[in-house]
Amino acid sequence: MKVSYSKNQSRRDFIKKSSVGMGGIILAPTILPSCVKWRGANDRMQIAHIGVGSRGTGELKNYFLPLEESRSVAT
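The numbers in the sequence shown follow the numbering used here, run straight up by one, and end at 79.
Next comes the structure, spelled out in structure tokens:
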């Protein structure tokens, strides 16, 4: 089997194409859905907010609960 090489490809084109490929490989774990990943009970952040009022509850809902590794355990 003979491998053909492109003599027209510049070093700059090679760097561009290889960096795009490596970027895809590096970003693949973040793009995959979380249901594919297995998580143990200690891998999640459990938040109990007691006596913080409506303002504190709103802050917790806005900042911590949208994270997939956190959940509210007490209010």
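We put the CB at the ideal spot given by N, CA and C, even for glycine.
Please read all numbers here as calculations on a predicted model, not as lab measurements.
- According to the DSSP secondary-structure assignment, MET26 is paired through a beta bridge with no residue.
- A straight line joining the alpha-carbon of VAL24 with that of SER58 spans about 46 Å.
- Closest by C-alpha distance to MET49, out of LEU64, GLY60 and ASP17, is LEU64.
- For the pair ASN12 and ILE51, the Cα-to-Cα distance works out to about 58 Å.
- Residue range 57-67 is occupied by the alpha helix (DSSP H) that includes GLY62.
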